[in-house]
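Okay, so here's the structure we're looking at.
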Amino acid sequence: MAHADILAGPVSEALYRRALEAITGGVNSPSRGMEALGGGAPPFIERAEGAYLYDVDGRAYIDYVQAFGALILGHARPEMLRALDEASRRGLLFGACHPGEVQLAERLRQLFPVCEKVRFTASGTEAVMTAVRLARAATGRRVLVKFEGSYHGHFDAVLVGAGSGASTLGLDESAGIPEGIKADVVTLPYNDAPAAERWLEAHGRDAACVLVEPIVGNFGLVEPVPGFLERVARAARAVGALVIFDEVITAFRFRPGPVYVELGVEPDIVTFGKILGGGLPIGGYGARRHIMELVAPAGPVYQDGTWAGHPLSVACALATLDLIGQDAGLYRRLDDLGRALAAGVRDGAARRGVPLVVHQRCGAVSLFFTSEPDVRDFSGVRRTDARAFARFVRAMLRQGILLPPSPYEVWFLSAAHTEREVERTIRAVDAALEAVLD
Ligand code: PLP
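Throughout the sequence shown, residue numbering follows full-length UniProt numbering, covering 1 to 438 in sequence.
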């Protein structure tokens, strides 16, 4: 990939040079780097509003990254800013119990059927880390079963065979993970129910839990094939292992709550984060009472956090739930826009003869440059054309459309996107597909 093909403007370039000196790799999260696109400076963002990001060089971008799935209401929504402003006037951090966290927990109990109790953390990573610890304590077993290419945060056990940003850099196996931790993690192919059943039948008596994204959002958007989640859950329960659904990406993305309600399979423990915080950091987990009562101070499983239940995150979460709840047509609109976008991309690819598979559910869209009929697992994504992907995303960026800079990340629409943005995007896709063929 030609590095001369500079994407960012001069102010971003200069900031990136400084960042490379002061911040390892120039980024605070590897997912934000341009490595998968051949390198170079990413645009540095000055402000965001609605469906747009504006960089320090004065360029506007239609934003389909949506903070890697953490946003659904659009940037800088006035109601959210008001909620944040009002909360901050009462103080930034109490280090004490406060009314908002009780209200938020009560509302989540109504939205998440298995959650008789919840706990808040500061991030999705912490939520999943504690959920796994809780499952190990509840079962008295060691082994964590999970699926290839999924991403569940950045604690040791889930970085064994991890997807998302780790896959982008070829770091499916992060350095620094002790062999003892790897020995207690089993990674199986997603969407292969027989493989999971075979493993669980043979070795499942050591399994504490099966951790799964009910719809994958970390090697593109990949939905479970019919029966996959049901069969995995049944096989896990048959050997006494708990089922953890990691809904850090999926909760509130497809409906006003967890997606498992729509899929018809219930977990024993569920984790959430991202969208709930409305732009502020949050995570959490919940389960039935007898499991949650194992968490300290009620029980012996320790989870703590200076930032857990942060008053500003909680205020933004309550405002997010209000805004989602008040907008009865939100998910229908996102689905209409998602369908239009996916159809436009498919048409463009068919016209130009570019082999492309497009997945879409509601406002989430994923492109796979492949001649295979479909992509159902991580190995399928691995076989996609990384060069075509990089050319495409760079060509989109040049036209003011910001896509996730990794073939493993999903495009997200928000409440602020309209037909106008989608039509502009489809026109840009046409030109970008030509760049793929060059
Ligand atoms: N679980 C899933 C499914 C995720 O996609 C992510 C982050 O992308 C996490 C957990 C980790 O969340 P956080 O980045 O808030 O630590």
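Cβ atoms here follow ideal geometry from the backbone N, Cα and C, with glycine treated the same way.
By alpha-carbon positions, which one of the options ends up nearest to residue i?
| i | options | result |
| --- | --- | --- |
| L92 | E293, W307, E223 and L20 | W307 |
| V354 | R391, D335, G329 and L321 | R391 |
| N218 | V365, R18, I401 and R351 | V365 |
| G305 | L111, A127 and I62 | A127 |
| H203 | P214, D184 and V212 | D184 |
| A342 | R32, F412 and R107 | F412 |
| G176 | F44, P194, D156 and V118 | D156 |
| A208 | I215, A193, A238 and P189 | A238 |
| L312 | L330, L276 and E293 | L276 |
| D385 | V132, P404 and V357 | V357 |
| Q103 | G338, L321, E421 and A340 | L321 |
| G38 | P267, A415, Q399 and V393 | V393 |
| L337 | G309, L73 and S414 | S414 |
| E86 | A350, I269, Q326 and C316 | C316 |
| H310 | F120, E434 and G74 | F120 |
| R339 | E423, L323 and P373 | E423 |
| G329 | P30, L81 and F254 | F254 |
| A195 | R231, I324 and I62 | R231 |
| V31 | I181, A349 and V410 | Val is not the amino acid found at residue 31; the sequence shown has Ser there. Of the listed residues, the one whose Cα sits closest to S31 is V410. |
For residue i, name the three-state secondary structure that DSSP assigns.
| i | result |
| --- | --- |
| T306 | coil |
| G286 | strand |
| H417 | coil |
| I45 | strand |
| Y331 | helix |
| A207 | strand |
| V381 | helix |
| R119 | strand |
| I244 | strand |
| T370 | coil |
| L280 | strand |
| F94 | coil |
| T250 | coil |
| V270 | strand |
| D430 | helix |
| D336 | helix |
| A4 | With a pLDDT of 41 at A4, under the threshold of 50, the modelled position of that residue is not reliable, and the figure given next carries that caveat. A4: coil per DSSP, three-state reduction. |
What's the C-alpha gap between residue i and residue j?
| i | j | result |
| --- | --- | --- |
| L7 | A60 | 13 Å |
| S88 | A233 | 43 Å |
| A236 | L200 | 7 Å |
| A130 | L318 | What sits at residue 130 in the sequence shown is Thr, not Ala. Computed Cα separation, rounded: 23 Å. |
| G363 | I426 | 15 Å |
| P258 | F68 | 18 Å |
| R387 | A138 | 46 Å |
| residue 497 | L221 | With the chain covering 1 to 438 only, the question about residue 497 has no answer from this structure. |
| G264 | F112 | 13 Å |
| R383 | L367 | 13 Å |
| F378 | Y151 | 11 Å |
| A14 | D57 | 11 Å |
| R107 | R346 | 39 Å |
| G227 | E101 | 36 Å |
| G240 | A287 | 16 Å |
| A395 | P78 | 32 Å |
| P407 | F389 | 7 Å |
| T370 | P404 | 18 Å |
| M1 | L397 | Its pLDDT being 40, under 50, M1 is placed unreliably by the model, and the measurement read from it follows with that caveat. Spanning the two alpha carbons is a distance of roughly 15 Å. |
| T271 | G50 | 28 Å |
| A162 | A36 | 17 Å |
| G279 | L71 | 6 Å |
| D438 | G40 | 21 Å |
| E223 | Q326 | 28 Å |
Any idea which residues DSSP pairs residue i with across the strands?
| i | result |
| --- | --- |
| D63 | L402 |
| W411 | V365 |
| Q360 | V365 |
| L188 | F147 |
| V295 | V301 |
| V216 | V222 |
| L53 | A48 and Y61 |
| E173 | V160 |
| V11 | BP columns for V11 are empty, so no partner. |
| H75 | G50 |
Please check the pair residue i and residue j, which I expect to be a contact at CB under 8 Å, by giving their CB distance rounded to whole angstroms.
| i | j | result |
| --- | --- | --- |
| V186 | V158 | So it is not a contact: roughly 12 Å between Cβ atoms. |
| V295 | Q303 | 6 Å |
| G299 | G283 | About 20 Å separates the two Cβ atoms, so there is no contact after all. |
| D246 | R141 | That pair is no contact at about 19 Å. |
| A135 | I269 | 6 Å |
| A96 | A76 | 30 Å between Cβ atoms; not a contact. |
| N191 | V225 | 5 Å |
| D55 | G25 | No, D55 and G25 are not in contact; Cβ-Cβ is about 19 Å, not under 8 Å. |
| V210 | V243 | 5 Å |
Of all the CB atoms in chain B, is at least one closer than 7 Å to the CB of residue i?
| i | result |
| --- | --- |
| L7 | Within the model displayed, chain B is absent; a lone protein chain is all it includes. |
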